[in-house]
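Heads up: the structure comes next, in structure tokens.
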Amino acid sequence: MVSHMALSQVQQDDDVFRTPEEQYIVEDFCRHAAAEVRLWNDYGSIERDKAEGVLNSIDVLSLSSSRPSANGITGDTLDRHCKVESLTKMAQYEDRHVRLCLEQLETLLQENDAQRASYIMSRLHMHATVTHVWAEMYSLRRFSAASPQS
1 MVSHMALSQV QQDDDVFRTP EEQYIVEDFC RHAAAEVRLW NDYGSIERDK AEGVLNSIDV
61 LSLSSSRPSA NGITGDTLDR HCKVESLTKM AQYEDRHVRL CLEQLETLLQ ENDAQRASYI
121 MSRLHMHATV THVWAEMYSL RRFSAASPQS
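For what it's worth, our numbering labels the leading residue of the sequence shown as 1, then goes sequentially.
Quick look at the structure:
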């Protein structure tokens, strides 16, 4: 991970994350950030993956078969709509956990060394910002793929 490489330069003879708590939270951050990016990527490539016959997260989501129709929409169209909505909610869930990890890690780092905390957190926040930029791009790609071409 690029952020890990950048963070490893804090001091060559020093661990970046010094305590078990710091290590645990940053590992949790990485898990949630990776899941969020994967979900947004799949969200943005639903139509392309379907056209190419490539597996997408939406293909493995299971829904209850006893759902009522929504605005007269039933069957596969409703399934697809519900799955897309679920995929979005799961990505947002991961995003909330990424933010929570950042908040908790920053608090913990500030308690130990404010200067070090600033250095580390600026890089982790950059990573989270890049994730948000990609999420926006995937969303735009999905909408542009679904728009009628003129």
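Built from N, CA and C at the ideal position, the CB exists for glycine as well. Computed from a prediction, not measured in an experiment: that's the story for all the values here.
CA-to-CA distance, residue j to residue i, given in whole angstroms
i	j	result
E21	I58	34 Å
R80	A35	21 Å
E85	R123	31 Å
R96	G53	31 Å
E136	E47	17 Å
F17	L105	10 Å
D113	R31	25 Å
Y119	Q92	27 Å
T19	K89	33 Å
E27	C82	31 Å
D15	Q23	10 Å
L102	H125	8 Å
E111	I25	15 Å
F29	V98	5 Å
M121	T107	10 Å
Local conformation of residue i per DSSP, three classes
i	result
T107	helix
R18	coil
L100	helix
D95	helix
D59	helix
D113	coil
Contacting residues, own chain, Cβ-Cβ under 7 Å from residue i (five flanking each side not counted)
i	result
W134	V37, W40
E94	H32, A35, E36, L39
Contacting residues, own chain, Cβ-Cβ under 6 Å from residue i (five flanking each side not counted)
i	result
G44	Y138, R141, R142
K50	none
Residue i and residue j closer than 8 Å at C-beta
i	j	result
T131	A33	yes
L100	L61	no
Beta-carbon proximity list for residue i, same chain, < 8 Å, skipping 5 on both sides
i	result
D42	D49, N56, S57, I58, L87
Could I get the ranges of all uninterrupted alpha helix (DSSP H) runs contained in the stretch 19-49, with 4 residues as the minimum, in chain order? 20-44
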